[in-house]
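Residue numbers (the working numbering), protein chains in the order written: chain A, 6 to 203; chain B, 426 to 570.
Even glycine gets a Cβ: it sits at the ideal position worked out from N, Cα and C.
As the structure is a prediction and not an experimental result, all values here were calculated from the model.
Presented below is the structure to which this report refers.
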């Protein structure tokens, strides 16, 4: 099945209460099906159990920080029989983000959900134990949220701050900012978060 | 041992003479692992009313304990002062020794392979096309400075 057919089939199985599109990636493009949070486990189950889709292999689950748009939780499923994949996506709000756990459908999703929980702070109701998986004990903050400040970008001066012909930063007419790192006042929802995390 | 591919990313070599201390590599480096110090020097040009200033490189160091071998510095360098060398055996007992100062970076230069031949199906080099255009116009080419 082409990605278009996979997406259309999953939307049809879910009774039309979902939206399908196709990702980029040329030959490796995937159907991307957006479902509501309530439908999340049901959509995974439908993709697994539908005889035409047969997406029996749970590949991964993670999240994307969409800033004001909340968090997108994405899972990739693969059909070992038909060799096609599908990306399922749901959206949860920034305040108290929560998505029903997929452990009842794919037990292997447990570790992915633990990781997504510690990295993004998304709750997965129905998960048996959302203990941290990778972060050291006592770690504060959600490292993959965009408001999280990297300690190394706060503690270390930027080597590119110097102008050509000088050995100390700051004598240039206009201050150059490191690319991709916002000014300290703009970091996070409030400036006082800077330096706390890490 | 089998030969390494021509474009292997082993270590970055510095040709100090080509560096103009423009700071582009240090500013583009996503890992912040290039450290450059420099000072300005007056050059007295005979016949000119005022001395000209030029930047002199004092320190150029790459911290290979931070480098992620993205090669952005090599790509961004406008004056071909940085090159990929296929050498990869520079493990150290002490992490601090992974900071290669400019002498060490210069030391990698002999191992830099010659640039690959121009792709016969690729676009001709900019220098070639501009020279051909000038020749076609019949205009005298810019004298070498």
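Close to residue 169/A, with beta-carbon spacing below 9 Å, are these residues of chain B in chain order: 445, 446, 447, 448, 461, 463, 465 and 480. Nearest CB-CB separation between residue 483/B and chain A: below the 8 Å threshold.
Judged by DSSP in its simplified three-state form, residue 54/A adopts helix.
For residue 159/A, the enclosing alpha helix (DSSP H) stretches over residues 156 to 160. Runs of beta strand (DSSP E) with 3 or more residues, each lying fully within the region 19 to 81 of chain A, are found at 24 to 27, 36 to 40 and 62 to 70, listed in chain order. Against chain B, a Cβ distance below 8 Å from residue 161/A picks out 457.
In terms of Cβ geometry, residue 532/B and residue 434/B do not form a close pair [threshold 8 Å]. In the structure shown, residue 514/B adopts coil according to DSSP, grouped into three states.
Taking C-beta atoms as the reference points, residue 461/B and residue 448/B count as a pair closer than 8 Å. Leaving aside the five residues that flank residue 73/A on each side, the residues in its chain whose CB is nearer than 8 Å to its CB run, in chain order, 99. In the structure shown, residue 461/B falls within a strand segment according to DSSP collapsed to helix, strand and coil.
Note on residue 513/B: under 16 other CB atoms within 10 angstroms of its CB, so exposed under the neighbour-count rule. At a beta-carbon threshold of 9 Å, the residues of chain B lying near residue 181/A are 448 and 452, ordered along the chain. Within a 10 Å sphere around the beta-carbon of residue 116/A sit fewer than 16 other beta-carbons, which makes this residue exposed. For residue 164/A, the closest Cβ of chain B is nearer than 8 Å. Contact between the region 502 to 521 of chain B and the region 437 to 448 of chain B is present: three or more C-beta pairs spanning the two stretches fall below 8 Å.
Taking a beta-carbon distance threshold of 8 Å, residue 106/A does not count as an interface residue toward chain B. Rounded to whole angstroms, residue 56/A and residue 42/A show a C-alpha spacing of 24 Å. In this structure, residue 8/A lies near residue 35/A, with their beta-carbon atoms less than 8 Å apart.
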